[in-house]
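Sequence lines, in order, name chains A and B.
With numbering that gives the first Met the number 0 applied, the first sequence corresponds to residues 0 to 271, in that order.
With numbering that gives the first Met the number 0 applied, the second sequence corresponds to residues 0 to 248, in that order.
Reading through the structure tokens given below for one structure.
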Amino acid sequence: MFSIFKEHKGFGKQIFLLAKDELIKTYKGAVIGPLWAFVKPAFTIFVYWFAFSVGIKALRAINVDLGGTEPASFDFFTFMFVGIIPWFFIQDSIIQGARALRNNRQFITKVKFPVSTILTYTALSRLFVHLLLIVAMYVYVVLKVGVSWYNLQFFLYCPLMFIFFVALSWSTSPMSAFSKDFENLIVSVMSGIFWLSGIMYDSYGFDEPLRTVMMVNPINFFVNGYRNCFLYNRPFYANKTELAIFIVEFVVIFVLGIINYNRLRKKLPDVL
Amino acid sequence: MTEPIISFKNVSKTYILYKNDQARFKALFFKPKNPKTNKALNNVSLEIGRGESVGIVGDNGAGKSTLLKMITGVAFPDTGEIQVNGQVAALLELTAGFSTEMTGRENIYLKGYILGLQASYIKTIEEKIIEFAELGDYIDQPVRTYSSGMKLRLGFAINVNIEPDILVVDEALAVGDAAFKKKCTNKIKDIIASGVTVLYVSHNAKSVQEMCSRAIYLKKGTVVFDGTTEETLKVYEETKAAEKAKKKK
Numbered sequence: 000m001f002s003i004f005k006e007h008k009g010f011g012k013q014i015f016l017l018a019k020d021e022l023i024k025t026y027k028g029a030v031i032g033p034l035w036a037f038v039k040p041a042f043t044i045f046v047y048w049f050a051f052s053v054g055i056k057a058l059r060a061i062n063v064d065l066g067g068t069e070p071a072s073f074d075f076f077t078f079m080f081v082g083i084i085p086w087f088f089i090q091d092s093i094i095q096g097a098r099a100l101r102n103n104r105q106f107i108t109k110v111k112f113p114v115s116t117i118l119t120y121t122a123l124s125r126l127f128v129h130l131l132l133i134v135a136m137y138v139y140v141v142l143k144v145g146v147s148w149y150n151l152q153f154f155l156y157c158p159l160m161f162i163f164f165v166a167l168s169w170s171t172s173p174m175s176a177f178s179k180d181f182e183n184l185i186v187s188v189m190s191g192i193f194w195l196s197g198i199m200y201d202s203y204g205f206d207e208p209l210r211t212v213m214m215v216n217p218i219n220f221f222v223n224g225y226r227n228c229f230l231y232n233r234p235f236y237a238n239k240t241e242l243a244i245f246i247v248e249f250v251v252i253f254v255l256g257i258i259n260y261n262r263l264r265k266k267l268p269d270v271l
Numbered sequence: 000m001t002e003p004i005i006s007f008k009n010v011s012k013t014y015i016l017y018k019n020d021q022a023r024f025k026a027l028f029f030k031p032k033n034p035k036t037n038k039a040l041n042n043v044s045l046e047i048g049r050g051e052s053v054g055i056v057g058d059n060g061a062g063k064s065t066l067l068k069m070i071t072g073v074a075f076p077d078t079g080e081i082q083v084n085g086q087v088a089a090l091l092e093l094t095a096g097f098s099t100e101m102t103g104r105e106n107i108y109l110k111g112y113i114l115g116l117q118a119s120y121i122k123t124i125e126e127k128i129i130e131f132a133e134l135g136d137y138i139d140q141p142v143r144t145y146s147s148g149m150k151l152r153l154g155f156a157i158n159v160n161i162e163p164d165i166l167v168v169d170e171a172l173a174v175g176d177a178a179f180k181k182k183c184t185n186k187i188k189d190i191i192a193s194g195v196t197v198l199y200v201s202h203n204a205k206s207v208q209e210m211c212s213r214a215i216y217l218k219k220g221t222v223v224f225d226g227t228t229e230e231t232l233k234v235y236e237e238t239k240a241a242e243k244a245k246k247k248k
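Below you can see the structure in the form of structure tokens.
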């Protein structure tokens with residue numbers, strides 16, 4: 000039942016080493032090496048800013064209803080920047096998380112290995128990159144928005160996001176290992192998911208019932224959560240409906256993850 | 000026989016052969032109806048006592064690898080029960096499971112942790128492993144810089160030096176140059192002499208005879224014969240000769 004936790008016991012140090020190993024593998028052989036971790040997101044941000052603020056001149060400022068008498072107005076670039084940083088982590092976590100077992104099949108078919116830790120150390124290597132980007136973003140936030148106690152909520156949202164997407168990969172990764180079609184399915188829907196999530200726009204900015212429907216998307220919970228920390232300066236429980244929906248989803252994903260992992264674990268060496 | 004260190008009770012393992020990728024995708028959610036299957040092991044029961052050295056013979060596809068994979072804990076049976084009471088070291092896929100960006104030394108620890116050893120214990124065998132692998136200064140270089148021979152040597156050195164209770168050896172074990180090969184064979188013989196349980200898989204009757212006192216003959220997933228090496232090899236050879244004669248007809 001709790002094989003995932005058992006597999007992690009006493010393996011903590013190795014998970015860190017393997018995460019480091021994964022990072023080196025990702026960036027070795029490139030002239031500017033680790034700088035790529037910045038270049039790719041920076042370019043993506045530039046492209047979106049250019050398209051929406053310079054190209055389609057409409058989007059210079061974004062108004063968000065934070066419950067005050069007047070909607071708060073934010074500069075579009077800042078609004079997008081704070082939201083897209085968690086998105087980069089989420090996108091990689093979903094796609095790479097689904098591929099992790101297939102990519103590390105040598106640990107499954109050749110040696111006895113605590114298989115679920117593969118999902119942890121690959122996620123951890125992505126978290127390192129995320130933290131680097133957060134540092135860069137925070138410098139910008141401090142200069143542009145200012146420091147706030149609410150910034151500290153990052154230490155709630157970030158670990159929560161990490162655990163949520165690792166738990167998601169307990170389901171998606173064994174299933175993708177089983178069937179390449181499942182992996183392709185995930186990869187193909189991801190670019191669509193981006194536009195369905197409130198990264199380029201405000202997911203609260205709809206009339207009911209669409210406003211509540213948008214809260215079903217857990218990506219919105221994190222994107223808005225990061226904005227709560229760094230931009231809106233409000234507590235994580237500011238929107239109770241969103242929080243409640245997320246807690247339910249978290250439990251469901253977690254339990255499904257454990258079920259799917261245990262169901263498929265023993266078949267993995269046969270199909271990979 | 001003393002208490003068994005490895006025991007298989009009615010172990011069966013069937014590989015499902017999916018017709019195509021659609022069938023595989025479907026199998027994620029529903030149990031496949033009358034799928035094509037390949038029975039790799041069929042109701043295998045055996046017991047191996049502490050300190051025995053057992054050869055396993057059989058043609059390709061007889062289920063030898065599946066049997067060994069189950070002992071090492073890589074594969075799992077569909078039905079039946081397997082009990083392995085001790086630390087298993089496998090000389091099967093020597094270079095597998097290395098993390099290529101880590102140094103040889105770090106990989107010794109990785110392998111040790113995977114096997115459930117404590118850091119303090121690994122420290123005590125670290126030097127022995129490095130010495131046996133004859134890697135010199137390369138031990139602190141990333142494994143990706145190793146030649147294939149060096150990787151094999153390191154893999155072999157780790158597995159034989161962790162002082163396992165059970166050692167699983169595949170004959171197709173070609174480790175480095177002739178001198179090192181000799182060293183390996185001698186080391187395996189030492190290990191057998193020291194009372195470690197050894198499972199030895201081979202097509203080669205001579206080497207089984209040299210290494211093992213008992214042998215098991217597997218054919219199409221079932222145990223055909225289990226006895227002293229001499230008897231088993233005789234049965235094996237006879238069956239093969241009979242099959243050949245049949246084919247000629």
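The C-beta atom is built at its ideal place from N, Cα and C for all residues, glycine as well.
Practice task
Could you check what DSSP says for L45(B) in three-state terms: helix, strand or coil?
Solution key: strand
Exercise for the section: List the residues of chain A whose Cβ lies closer than 7 angstroms to the Cβ of R23(B), in chain order. Expected result: F177, S178
Exercise for the section: Could you name the residues of the same chain whose beta carbon sits closer than 7 angstroms to that of I121(B), not counting the 5 residues immediately before and after it, in chain order? Expected result: I107, Y108, G111
Exercise for the section: Could you have a look at A74(B) and say whether DSSP puts it in helix, strand or coil? Expected result: coil
Practice task
Run the CB neighbour count on P158(A), radius 10 Å, all protein chains shown included, and call it buried at 16 or more, exposed below.
Solution key: Around the CB of P158(A), fewer than 16 other CB atoms lie within 10 Å, so the residue is classed as exposed.
Exercise for the section: If I'm right that I276(B) touches T196(B) with Cβ under 8 angstroms, what's the distance once you round it to whole angstroms? Expected result: Since the displayed chain B opens at 0 and closes at 248, residue 276(B) lies outside it and no answer follows.
Handout entry: Nearest neighbour of S187(A), chosen from L17(A), K5(A), I94(A) [CA to CA]
Key = When each option's Cα is compared against that of S187(A), the closest is I94(A).
Exercise for the section: Identify the continuous alpha helix (DSSP H) that holds A237(A) and give its terminal residues. Expected result: First-last for A237(A): undefined, no H or E at that position.
Problem - Per-residue burial, K111(A) [other beta carbons within 10 Å of its own, 16 or more giving buried] - result: Per the 10 Å Cβ criterion, buried.
Exercise for the section: Could you check the C-alpha separation between E209(B) and I162(A) for me, to the nearest Å? Expected result: Rounded to the nearest angstrom, the two C-alpha atoms are 54 angstroms apart.
Practice task
Check whether the Cβ atoms of A95(B) and F131(B) lie closer than 8 angstroms to each other.
Solution key: no
Problem - C-alpha gap between T250(B) and G220(B), whole angstroms - result: This structure leaves residue 250(B) out entirely; chain B is present only between 0 and 248.
Handout entry: Contacts that V73(B) makes with chain A (C-beta to C-beta distance below 9 angstroms)
Key = Simply I107, T108, K109, V110, K111, F112, P268.
Handout entry: Beta-bridge pairing of P113(A) - partner residues as DSSP gives them
Key = Within the DSSP secondary-structure output, P113(A) pairs in no beta bridge.
Practice task
Provide the residue(s) that pair with G226(B) in DSSP beta bridges, ordered along the chain.
Solution key: Looking at the DSSP assignment, G226(B) forms a beta bridge with A214(B).
Practice task
Please work out which residues of its chain come closer than 8 angstroms, Cβ to Cβ, to F75(A), disregarding the five sequence neighbours upstream and downstream, and give them in chain order.
Solution key: W48, F51, S52, L58, R59, A60, I61
Handout entry: Residue from T25(A), V251(A), P268(A), Y260(A) whose Cα sits closest to the Cα of R125(A)
Key = T25(A)
Handout entry: Against chain A: residues of the segment 108-125 of chain B by CB proximity under 7 angstroms
Key = L109, Y112, I113
Problem - Interface partners of I24(A) on chain B, CB under 8 angstroms - result: At residue 24(A) the sequence reads Lys, which differs from the Ile that was named. Going along chain B in sequence order, the residues near K24(A) (Cβ under 8 angstroms) are T99, E100.
Practice task
For G96(B), go through chain A and note every residue whose CB falls closer than 8 angstroms to its CB, in chain order.
Solution key: Correct list: Q105, F106, K109, V110, F112.
Practice task
Determine the direct distance from the alpha carbon of K180(B) to that of K39(A), and round the result to whole angstroms.
Solution key: When rounded, the distance between both Cα atoms is 49 angstroms.
Problem - Separation of N150(A) from D91(A), as counted between CA atoms - result: 24 angstroms
Practice task
For Q283(A), count neighbouring Cβ atoms within 10 angstroms of its own Cβ and tell me buried if that reaches 16, exposed if not.
Solution key: No information on residue 283(A) is available, as it lies outside the stretch 0 to 271 that chain A covers here.
Exercise for the section: Mind checking which residues open and close the alpha helix (DSSP H) that includes V81(A)? Expected result: 75-102
Exercise for the section: For N223(A), count neighbouring Cβ atoms within 10 angstroms of its own Cβ and tell me buried if that reaches 16, exposed if not. Expected result: If you draw a 10 Å sphere on the C-beta of N223(A), you find 16 or more other C-beta atoms in it, and that means buried.
Practice task
Give a yes or no on whether 8 angstroms exceeds the smallest Cβ distance from E162(B) to chain A.
Solution key: no
Exercise for the section: Could you name each continuous alpha helix (DSSP H) segment of 4 residues or more that falls completely within the segment 190-259 of chain A, going from the start of the chain to the end? Expected result: Here the runs fully enclosed are 209-213, 217-226.
Practice task
Output the boundary residues of the beta strand (DSSP E) element that contains T108(A).
Solution key: Element bounds for T108(A): not the beta strand (DSSP E) but the alpha helix (DSSP H), 105-108.
Exercise for the section: In the DSSP assignment, find the unbroken beta strand (DSSP E) run with K12(B) in it and report its ends. Expected result: 3-16
Practice task
Give a yes or no on contact between the segment 244-252 of chain A and the segment 175-182 of chain A, applying the rule of three or more CB pairs nearer than 8 angstroms.
Solution key: no
Handout entry: Own chain, CB closer than 6 angstroms to I89(A), minus 5 neighbours either side, in chain order
Key = I218
Handout entry: Cα-Cα separation, E2(B) to A204(B)
Key = 28 angstroms
Problem - For V144(A), the three-state DSSP class (helix, strand or coil) - result: coil
Problem - 8 angstroms contact criterion, which S115(A) and I185(A) should meet: CB distance rounded - result: 19 angstroms between Cβ atoms; not a contact.
Practice task
Within its chain, find whatever has a CB closer than 7 angstroms to the CB of I129(B); leave out the 5 residues flanking it on each side and keep chain order.
Solution key: I138
Exercise for the section: Using beta-carbon positions only, say whether Y231(A) and L65(A) come within less than 8 angstroms of one another. Expected result: With respect to the 8 angstroms criterion, Y231(A) and L65(A) are classified as neighbours on the basis of their beta carbons.
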